[in-house]
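In short: position in the sequence shown from 1, add 973, done, that's the working numbering.
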Amino acid sequence: MKRTAALLAATALITTLSACGPAAQNSAEAQSVSAPMSQQASVTQASADMPTADTSLNDLYLYLHQNPELSFKEIKSSTIMANELESLGFQVTTGLGDDWTKAKSMRDYGTVREGVGGYGVVGVLKNGEGPTVLIRADMDALPVGERTDLPYASKAVDETWTGVENGVMHACGHDIHMTSWVGTARQLVANKDKWSGTLVMIAQPAEELGNGAKAMIEDGLFTRFPTPDYNLGLHVSAAMPAGKVGYSSGFALANVDSVDITVKGVGGHGAYPHTTKDPILVASSIVMALQTLVSRNTDPQKAAVVTVGSFQAGAKHNIISDEAKLLLTVRSYDDDTRTMLIEGIKRIANAQAQTYGAPAPEIFVEPDYTPSTYNDPELSATAAAAIADAIGADNISQMPPVMGGEDFSQFGRTPEKIPGLIFWVGAVEPDLWQRAQDGPLGLPSLHSPFFAPDYEPTIETGVKSMTAAAMTLFEKG
974 MKRTAALLAA TALITTLSAC GPAAQNSAEA QSVSAPMSQQ ASVTQASADM
1024 PTADTSLNDL YLYLHQNPEL SFKEIKSSTI MANELESLGF QVTTGLGDDW
1074 TKAKSMRDYG TVREGVGGYG VVGVLKNGEG PTVLIRADMD ALPVGERTDL
1124 PYASKAVDET WTGVENGVMH ACGHDIHMTS WVGTARQLVA NKDKWSGTLV
1174 MIAQPAEELG NGAKAMIEDG LFTRFPTPDY NLGLHVSAAM PAGKVGYSSG
1224 FALANVDSVD ITVKGVGGHG AYPHTTKDPI LVASSIVMAL QTLVSRNTDP
1274 QKAAVVTVGS FQAGAKHNII SDEAKLLLTV RSYDDDTRTM LIEGIKRIAN
1324 AQAQTYGAPA PEIFVEPDYT PSTYNDPELS ATAAAAIADA IGADNISQMP
1374 PVMGGEDFSQ FGRTPEKIPG LIFWVGAVEP DLWQRAQDGP LGLPSLHSPF
1424 FAPDYEPTIE TGVKSMTAAA MTLFEKG
């Protein structure tokens, strides 16, 4: 396979990290090869303090890190991403997923709070005949107060779309994702004479809720815009040194289901338990019995997790309450195992209640779950070879799948069955990573208030890797 173009693009990257992007000189040229779309939403005007198309990637990252936005509230982030694409000559549509998002908020919470909406961004650049490649970045931050003590640490505080106020931080590295995405777009436009096809860049809201991809798909991502031949994404790793890339072939991330069980009972005085139906006893039995779903119902060659993350009941020492609440996270890879686990939870909860003569429990399975992510093996091999050429074969390795979840999976679950790949980009300062391997020091995980990526080499590796993968797919045709 020819990878000359990918190598040239990767070599050209380094200057972009500390210098201005190629937007100004390439905008007019890009417009000449990008056919206008039938409809285009207006792009929100950036405020004076926002990064522009001339902002270096490092400065862009620092701005995004210090200005994180919660799920379905990515107003500034989506504006920056849209304006960047527009400056590069893409045909840009904003607000994708807005109707779906507001309808879900009304259905689940009875209101749409201020600032909540669908902030999906789609940019299309047509550059002659060839395949269509989609590259995705997620934009939302987490309700986590940052505790890194870095000079550029986030001090943001905001209210989630459900009304909970908290500190806000990019504790999952989506600021790295957005910056790498911008860098990739700049590189592909700068090297557009070396590839042919259609580039679709999407900035996705609300990955942390597992809903943003679905909102964009429901609003016509694959019907209003060119249907991709390939989907690409990346995610930072808090367990790999900066400069390294990891990938899985086949299953990469898990199905993620949330299950709420309200266990019913008959309350009363703690001194007279024989006059009650104790929901805490029933719920405790459910918790213990649920563990058999993994140990005795799951094929030992497959993976599954059933975790009870919350057990809430009662308010006073001598009162037996009339209900208890269990909140579960359920993880699996294949859909048959997922179905078995969900059906098993319902069976066990009802059976345990019946055993104690208690009323039937209420069981709610969140319908908008996150499906497992499957990396197409052929695509994975092709992209991995290109990335190895770009960053060195010693810097990329195949990894086992993890039980985390990523709604990037949704883009491969539509009737179009588009092959996809999401890969990991190491984000830990190498010396810190080595010390953690050699001693008792632990590394902050993703979602930790202490997570602090080594951003400059991480962004550089992300841009090199994604650019190389995309260029190779365009060459492949």
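Using N, Cα and C, we set each Cβ at its ideal position, and we do this for glycine too.
Assigned with DSSP and collapsed to three states, residue 1305 falls in strand. When Cβ pairs closer than 8 angstroms are counted between the two stretches, the region 1047-1066 is seen to touch the region 1168-1181, the count reaching three or more. Here residue 1426 has 1146, 1149, 1209, 1400 as same chain residues with Cβ atoms under 7 angstroms from its own Cβ, once five neighbours each way along the sequence are excluded. DSSP, reduced to helix, strand and coil, places residue 1087 outside both helices and strands of the structure shown, so it counts as coil. Here residue 1285 has 1298 as same chain residues with Cβ atoms under 6 angstroms from its own Cβ, once five neighbours each way along the sequence are excluded. Shown here for residue 1343: same chain residues with a beta carbon closer than 6 angstroms to its own, the five before and five after excluded, namely 1183, 1229, 1378, 1380 in chain order.
Classified as buried, residue 1049 has 16 or more neighbouring CB atoms from the shown chains inside 10 Å of its CB. Looking only at 1117, 1162, 1246, 1088, the smallest Cα-Cα distance to residue 1063 is reached by 1162. Excluding five sequence positions before and after residue 1417, the CB atoms of its chain that fall closer than 8 angstroms to its own CB belong to 1211, 1423, 1424, 1425, given in chain order. Across the structure, residue 1395 and residue 1438 are spaced so that their CA atoms are roughly 11 angstroms apart.
Annotation for residue 1361: 1369 place their beta carbon closer than 6 angstroms to its own, counting only its chain and skipping 5 residues before and after.
Per DSSP, the beta-bridge partners of residue 1131 are 1139. In the displayed model, residue 1147 falls within a helix according to three-state DSSP. For residue 1335, the secondary structure class from DSSP, reduced to helix, strand or coil, is strand. Taking 9 angstroms as the cut-off, the beta carbon of residue 1042 is found no closer than this to the beta carbon of residue 1137. Residue state for residue 1205 is assigned as strand, using DSSP reduced to three classes. Assignment of residue 1420 by DSSP, reduced to helix, strand and coil, places it in the coil class. Residue 1109 is bridged by DSSP to 1175, 1206. Rounded to whole angstroms, residue 1333 and residue 1447 show a C-alpha spacing of 57 angstroms. Membership of residue 1228 in the beta strand (DSSP E) is indicated by the continuous run 1228-1237. Residue 1100: member of the beta strand (DSSP E) spanning 1093-1100, first to last residue.
Contact between residue 1277 and residue 1314 holds: CB atoms are separated by about 6 angstroms, below the 8 angstroms threshold. Under the three-state reduction of DSSP output, residue 1290 falls in the coil class, being neither helix nor strand.
Taking 9 angstroms as the cut-off, the Cβ atoms of residue 1127 and residue 1039 count as close. Listed in chain order, the non-local C-beta contacts of residue 1288 below 6 angstroms within the same chain number zero, local neighbours out to five positions each way being set aside. Assignment of beta strand (DSSP E) within the region 1376-1406, counting only whole runs of 3 or more residues, yields 1393-1401 in chain order.
Per the coordinates, the alpha-carbon of residue 1248 lies some 27 angstroms from the alpha-carbon of residue 1300.
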